[in-house]
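Going line by line, the protein sequences match chains A and B.
The letter at position 89 of the first sequence is residue 89 when you use the numbering used here, and the numbering goes up by one with no holes.
The letter at position 86 of the second sequence is residue 86 when you use the numbering used here, and the numbering goes up by one with no holes.
Where a beta carbon is used, it is the ideal one built from N, C-alpha and C, also for glycine.
Computed from a predicted structure; not experimentally measured.
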Amino acid sequence: MSDRRAWVARIMGMPISVHVRGPEVGRNQDVAARVERVFAELRRMDALFSTYRPDSEVSRLNRHELTLAECDPLVREVIDLCERAAQATDGYFDAWLPDGRWDPSGVVKGWAVENAARLLADLPGHDYYLNAAGDIALDAGGSGWRIGIEDPTDRGQVLGVLVAQRGGIATSGTAARGAHVRNPHTDTTATGLLSVTVAGASLTWADVYATAAFARGAAALDWLRTLTGWQAVVVDATGEVSWC
Amino acid sequence: MRRIVIVIASTISGLVLLFSYHTSTNRAGTTAAATGGAQPGVVPSAPDPSSPSSPLPNGGPSGSDRVVNGAPVSIEWGIVQVQITVRNGKIIQARTLQAPDENGHSLFVNQEALPVLDREAVSAQSARIDAVSGASETSQGYAQSLQSAIDTAHLS
């Protein structure tokens, strides 16, 4: 299809897919240049925030080698975001580990992708999405983008299709990495659900809500139903699927 | 491209179905509060065998099939509501319960009146997924993922 093109790069330890749809997009140098800027921006965020990189500002902050004042102003912005996220989720989103270290991983992927996606927003007549290992920021006119929700029990299948025109979709779960989301209230690993997918106006908050809902375990569905304007798909430990 | 199977499992508390369907104006539907039509949720008894419907694969409905009415979906010119029959977590039949006529009035129908909608609900091959959202992936996981298949199809 000459009106759609994909680019893939490995950043933040995960595959980042960018898809753009528009007339002759494969030959549009403006689009190609923008996509490179998207990747560059994500690499910059990785250098600042990755807890897997000992030389990131977050790692150095946590080792007290840097003060907050010496960090990039975006670090302060993400700390503020984490505080608001904790308040909005009854503390089930919690970026602070018991030993006092700050780990923004639960939100920084969605936040960074949402911000980087804005670099594609003013391409006239083009639809786009960025998919960072399941966290998707998108904008499309017409019939939108059709987003399959991966079946956590069978990654070759989807549970259903969300049709989205603008916003973000995030999935938190155990399908690929094992039980890695911590319940901050009990400080144990949340294993009550297989996956939670949240969709709405902002990928940043979809990421926050999906992470927090997953940490809630069995109570996630009731809580997600209280979030006006957000849609969710929950797969419990038995594989049962609920939509709200 | 891998075969993609759409599986929509229902819950006792109700079901919200999200569909994209192709009409002459190519608009997507949005969910809306029920304003009439059949009650959304699980239908307590088996489908009426006398109502006209497509032949089901593997014969007629069995006692273990679950019949679920979707929430009425408000589209620009009326209300659409679909009923699905689920067996072993797979949709084996979809019927349109109500659909608008050309004047925008909703009609109750017993047959598939919007074949594009119903076929997409049941047929995996026409799912036409643009992207996939799943839990965090490792680099090894990506190679086996649906998203990587979609990416590969559009790399050039």
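message = Do A117 (chain A) and P15 (chain A) have their beta-carbon atoms positioned less than 9 Å apart in this structure?
response = The beta carbons of P15 (chain A) and A117 (chain A) sit no closer together than 9 Å.
query = Pairing CB atoms from the stretch 159 to 172 of chain A with CB atoms from the stretch 41 to 59 of chain A, are three or more of them under 8 Å?
reply = no
query = Between which two residues does the beta strand (DSSP E) harbouring A232 (chain A) extend?
reply = Q231 to D236
ask   = Taking just the CA atoms, how far does G141 (chain B) sit from V208 (chain A)?
value = 23 Å
message = Taking contact to mean 3 or more Cβ pairs, one atom from each stretch, closer than 8 Å, check whether the stretch 182 to 197 of chain A and the stretch 82 to 99 of chain A are in contact.
response = yes
ask   = So is Q39 (chain B) in contact with chain A if we call contact Cβ pairs under 9 Å?
value = no
message = According to DSSP, is Y142 (chain B) part of a helix, a strand, or is it coil?
response = helix
query = At a Cβ threshold of 9 Å, is R270 (chain A) touching chain B?
reply = Outside the displayed range of chain A (1 to 244) lies residue 270 (chain A), so it cannot be described from this structure.
query = Looking only at its own chain, which residues have a Cβ that is under 8 Å from the Cβ of V8 (chain A), when we skip the five neighbours before and after it?
reply = P15, I16, S17 and V18
task = With a 10 Å radius around its C-beta and 16 neighbouring C-beta atoms as the bar for buried, classify P23 (chain A) as buried or exposed.
result = In the assembly as shown, P23 (chain A) is an exposed residue. Its beta-carbon has fewer than 16 other beta-carbons within 10 Å.
query = Can you tell me where the alpha helix (DSSP H) with V67 (chain B) in it begins and where it stops?
reply = If you look at V67 (chain B), you'll find it isn't in any alpha helix (DSSP H); it sits in the beta strand (DSSP E) that goes R66 to N69.
task = Measuring alpha carbon to alpha carbon, tell me which of B:S156, B:L155, B:I150 and B:A38 ends up nearest G156 (chain A).
result = Cα-wise, what sits closest to G156 (chain A) is B:I150.
query = Out of curiosity, what's the CA-to-CA distance linking Q231 (chain A) and L120 (chain A)?
reply = 25 Å
ask   = When the Cβ atoms of the stretch 102 to 111 of chain A are set against those of the stretch 199 to 215 of chain A, are three or more pairs found closer than 8 Å?
value = When C-beta atoms of the stretch 102 to 111 of chain A are compared with those of the stretch 199 to 215 of chain A, three or more pairs fall below 8 Å, so the two segments count as touching.
message = Here's the rule: buried if 16 or more other CB atoms are within 10 angstroms of the residue's CB, otherwise exposed. What is C76 (chain A)?
response = In the sequence as displayed, the identity of residue 76 (chain A) is Arg instead of Cys. With fewer than 16 other Cβ atoms within 10 Å, it is exposed.
query = What residues are listed by DSSP as bridge partners for L42 (chain A)?
reply = The partner list for L42 (chain A) (beta bridge, DSSP) is empty, contrary to what the question assumes.
message = Tell me the DSSP secondary structure of R128 (chain B) in three-state form.
response = coil
ask   = Quick one: is L224 (chain A) buried, meaning 16 or more other Cβ sit within 10 Å of its Cβ, or exposed?
value = buried
request  = Quick one: using the 10 Å Cβ neighbour count with 16 as the cut-off for buried, is R5 (chain A) buried or exposed?
outcome  = buried
query = Which residues bound the beta strand (DSSP E) around V20 (chain A)?
reply = M14 to R21 is the extent of the beta strand (DSSP E) around V20 (chain A).
Status (buried if at least 16 other CB within 10 Å, exposed otherwise) for T226 (chain A) = It is exposed - the Cβ of T226 (chain A) has fewer than 16 other Cβ atoms within 10 Å.
key: Beta carbon of L203 (chain A) nearer than 9 Å to that of W111 (chain A)   = yes
key: Under the three-state DSSP convention, the category L194 (chain A) falls into   = strand
ask   = Are the CB atoms of T174 (chain A) and L159 (chain A) nearer to each other than 9 Å?
value = no
ask   = Which chain B residues are close to Y128 (chain A), counting only those with a beta carbon under 7 Å from its beta carbon?
value = Within 7 Å Cβ-Cβ: nothing; Y128 (chain A) doesn't reach chain B, min ~11 Å.
message = I'd like the span of the beta strand (DSSP E) that includes R166 (chain A), first residue to last.
response = R166 to G173
query = Nearest-angstrom Cα distance between A71 (chain B) and A38 (chain B)?
reply = 9 Å
inquiry  = Give me the chain B residues within the contact set of I11 (chain A), using Cβ-Cβ distance strictly less than 7 Å, ordered along the chain.
reply    = Within chain B, no residue comes near I11 (chain A); the closest Cβ sits about 11 Å away, beyond 7 Å.
ask   = How long is the line joining the alpha carbons of R63 (chain A) and N69 (chain B), rounded to whole angstroms?
value = 56 Å
ask   = Quick one: what's got a C-beta closer than 8 Å to V78 (chain A)'s C-beta in the same chain, skipping five residues either side?
value = F49, P104, V107, V108 and W111
request  = With a cut-off of 8 Å on the beta carbons, I'd call I136 (chain A) and Y129 (chain A) a contact; round off their distance for me.
outcome  = 6 Å
ask   = Which whole-angstrom value is the C-beta distance of V31 (chain A) and V20 (chain A), which I expect to be below 8 Å?
value = 5 Å
message = Using only the alpha-carbon positions, how far apart do S156 (chain B) and C244 (chain A) sit?
response = Approximately 37 Å, taken between the alpha carbons.
is_contact[R66 (chain B), chain A] using C-beta, thresh 9 Å = no
task = Using a Cβ-Cβ cut-off of 9 Å, state whether V43 (chain B) counts as contacting chain A.
result = no
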